[in-house]
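Following: one structure in structure tokens, then a few remarks.
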Amino acid sequence: MKVSIVSVVLNCKDYIGDCILAVIGQDYPEIEYIVIDGGSTDGTLDVIQQYQDRIHVFVTQKDQGFYDGLNKGIALATGDIIGILNADDVLAAPETISIVVRKFMETLCYGIYGNLEYTDRKDIGKVVRSWKPGEFSPEKLKRGWMPPHPTLYLYRDLYDRCGNYSMNFGTSADYEFILRLFCSYGTSLVYIDQLLVKMRKGGMSNAGVKPFLWACIHDYRSLLLHGFHWPVLITICKKLRKIKQFFY
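All the letters of the sequence shown, read from the start, carry residue numbers 14 to 261 under our numbering.
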């Protein structure tokens with residue numbers, strides 16, 4: 014069973030090397046690694062070139078942002094399962110993909126998600142938040158629940174059914190996609206209570222007050238699109254759910 018992992022990068026020279034090493038250091042043999050660069054100018058390309066013999070697909074061209082690059086990477090993937098690893102994140106352990114594949118084979122599910130740790134940006138060993146989403150239920154979606162997007166692994170057929178990430182929801186495109194996915198296939202997705210990804214704080218969704226407000230607006234619009242009642246309340250609950258992540 015082949016697993017495709019997609020990393021989208023733009024000007025991330027300080028961390029893309031760690032990301033690549035986390036993928037090529039996996040003990041699972043059947044991995045296709047796809048790196049989509051959005052036109053980096055800071056030395057990122059020099060780092061990527063050091064590992065070019067271990068990257069199966071590499072594209073560098075200007076795009077319309079992270080989710081446009083992600084759509085391109087998914088379209089190029091040939092694996093049975095597709096996962097995403099942000100350019101400044103790392104897989105939690107060398108056996109992470111083996112654990113994911115084993116769960117797919119044991120449960121015959123459509124997709125898997127798991128736990129994520131937020132770490133200090135410069136010291137990835139320093140945990141600042143821990144996100145353990147737990148099992149899915151439709152009622153949880155009505156209370157602002159979502160799984161950590163970078164821990165999501167799906168059969169490629171599910172991407173074919175659900176469609177691309179929308180370009181109309183800013184940094185909340187992952188939330189809109191997750192609503193689309195879980196509203197239709199949530200009961201076929203399995204939670205694995207293990208740490209899958211370590212995410213450095215300070216990414217595009219943690220960039221200040223203005224981006225936070227825009228994210229709230231896009232969350233609200235996503236909920237409206239998928240027919241949820243009380244979208245303002247759900248949006249507030251979604252933000253409040255993060256508080257417990259600091260108490261781990």
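Just so you know, even glycine gets a beta-carbon here, dropped at the ideal spot from N, CA and C.
For residue i and residue j, I'd like the C-alpha separation in whole angstroms.
i	j	result
ASN128	VAL245	27 Å
SER235	GLY183	11 Å
LYS145	GLU130	9 Å
ASN24	GLY51	8 Å
ALA105	PRO160	16 Å
LYS223	MET14	43 Å
TYR233	SER185	10 Å
PRO42	ALA228	38 Å
LEU98	TRP243	32 Å
GLU119	ASP136	35 Å
LYS214	ILE191	21 Å
PHE79	LEU121	30 Å
ASP173	ILE94	12 Å
LEU171	ARG193	11 Å
PHE2	GLN77	Given a span of 14 to 261 for the chain in the structure shown, any question on residue 2 remains unanswerable.
HIS231	CYS250	15 Å
THR54	LYS139	29 Å
GLN63	LEU34	11 Å
SER111	VAL203	16 Å
GLY92	ILE44	8 Å
ILE256	ILE125	24 Å
ASP66	TYR178	29 Å
VAL70	ASN84	14 Å
MET180	GLY96	20 Å
PHE241	LYS155	7 Å
GLY86	ILE18	9 Å
LEU237	TYR166	26 Å
LEU209	GLU189	22 Å
ASP59	ARG134	21 Å
PHE74	ALA100	Before going on, a small fix: residue 74 reads as Gln here, not Phe. Spanning the two alpha carbons is a distance of roughly 16 Å.
Over what stretch of residues does the beta strand (DSSP E) that includes residue i continue unbroken?
i	result
SER143	140–144
SER8	Nothing in the structure corresponds to residue 8, since the chain is present only between 14 and 261.
DSSP beta-bridge partners for residue i?
i	result
THR132	VAL140 and ARG213
ASP50	VAL22 and THR73
In the DSSP assignment, find the alpha helix (DSSP H) that holds residue i and state where it starts and stops.
i	result
ASP173	169–175
ASP31	29–37
GLU43	No alpha helix (DSSP H) contains GLU43, which DSSP labels as neither H nor E.
LYS153	151–154
Are the Cβ atoms of residue i and residue j separated by less than 7 Å?
i	j	result
ILE49	VAL16	no
TYR168	TYR198	no
TYR46	ILE68	yes
ARG142	PHE259	yes
VAL36	GLY82	no
PHE157	ARG254	Looking at the sequence shown, residue 157 is not Phe but Gly. Yes, these two residues count as a Cβ contact at 7 Å.
ASP102	PRO163	yes
HIS239	CYS175	no
GLU108	ASP40	yes
LYS252	THR132	no
Indicate whether at least one CB of chain D lies closer than 7 Å to the CB of residue i.
i	result
ASN99	Of the protein chains in the structure, only one exists, and it is not chain D.
Runs of alpha helix (DSSP H) lying entirely within the stretch 178–247, each at least 4 residues, in chain order: 186–198 and 222–238
Ranges of the alpha helix (DSSP H) found wholly within the stretch 60–142, counting only runs of at least 4: 79–89 and 109–120
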